[in-house]
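Residue numbers (the UniProt record's numbering): 1 to 286. We put the beta carbon where it would ideally sit given N, CA and C, even for glycine. Here's the structure, in structure tokens; my notes come after.
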């Protein structure tokens, strides 16, 4: 049985949807904090297990009868690394044969500005140290997050971000979920690392040009300085910790951290990943 944590979230659902096309639903389990949110999966035959990354006892129960686990990385809580470690510990304790993790495809962890991302590589190290056979999925920035970057008035105001001409090999969450499921359905677990990225890199100027073409409205990208951007976020009432994380994320993009390109995603999908324009068309319903 394959257990997918975060089964009610975006990437968890995408993985499960593909798994249900590949293996019997009776061999798929989903870990959720709120069982009501997984009613649809349960109705389709997926085993639903209730647990929380902070609750080791619930994780021990969830791991029973499981041969593979996909640890979907958690959010930005201060104890996020410990939450991940709790899942790894429970998997080891249960004798799970394969532990997979959704990590990040970044150029150089040692020079990251957004220190929250360091947690991914600390989790990788903890998984290696556990001795449990593993698969690491190093995922590039989801194209699906674009509306959060450009804002709800992108077609009226354009894009103003302190990302310079930084480039990102964006890929759709759906493509990554499909590829992750393809790997999990395979019987092998030989401590492999997959780097899942799009086939090309794009700047926010490229994003603006694609949105202009798709919408028929002029969308411009204006690189702005970090202080001006931070002042705008402060005016919106965002807390300082959130502002630091957002600006750190964009600074890392500016510095090329998200510009890795790999053929792994295309190889595992058996087709090219969804290109920028096609992905934006779906996301913005253009």
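- Within the DSSP secondary-structure output, residue 49 pairs in a beta bridge with 31.
- Within the same chain, Cβ atoms closer than 7 Å to the Cβ of residue 163 are found at 204, 223, 250, 253 and 254, the five residues on either side in sequence being excluded.
- For residue 85, the enclosing alpha helix (DSSP H) starts and ends at 80 to 93.
- For residue 241, the number of other beta carbons within 10 angstroms of its own is below 16, and it is reported as exposed.
- For residue 173, the CB contacts under 8 Å within the same chain, skipping 5 residues up- and downstream, are 10, 11, 14, 142, 143 and 144 in chain order.
- For the pair residue 258 and residue 180, the CB atoms are not nearer than the 8 Å cut-off.
- The C-alpha of residue 103 lies about 35 Å from the C-alpha of residue 156.
- According to DSSP, residue 192 shares a beta bridge with 135.
- The DSSP-derived three-state label of residue 130 is helix.
- With a cut-off of 8 Å on Cβ pairs, the stretch 114 to 128 is in contact with the stretch 78 to 92, counting three or more such pairs.
- With a cut-off of 8 Å on Cβ pairs, the stretch 175 to 192 is not in contact with the stretch 81 to 96, counting fewer than three such pairs.
- Residues of the same chain with a CB within less than 6 Å of the CB of residue 286, apart from the 5 flanking positions on each side, are 214 and 215 in chain order.
- Your pair residue 171 and residue 59 does not check out as a contact, with CB atoms roughly 30 Å apart and the cut at 8 Å.
- In the structure shown, residue 145 falls within a helical segment according to DSSP collapsed to helix, strand and coil.
- Checking the DSSP bridge columns, you'll see residue 104 partnered with 139.
- No Cβ-Cβ contact shorter than 8 Å links residue 149 with residue 136.
- Between residue 134 and residue 199, the C-beta gap is not smaller than 8 Å, which leaves the two residues out of contact.
- Just measuring C-alpha positions, the residue of 32, 37 and 65 sitting nearest residue 74 is 32.
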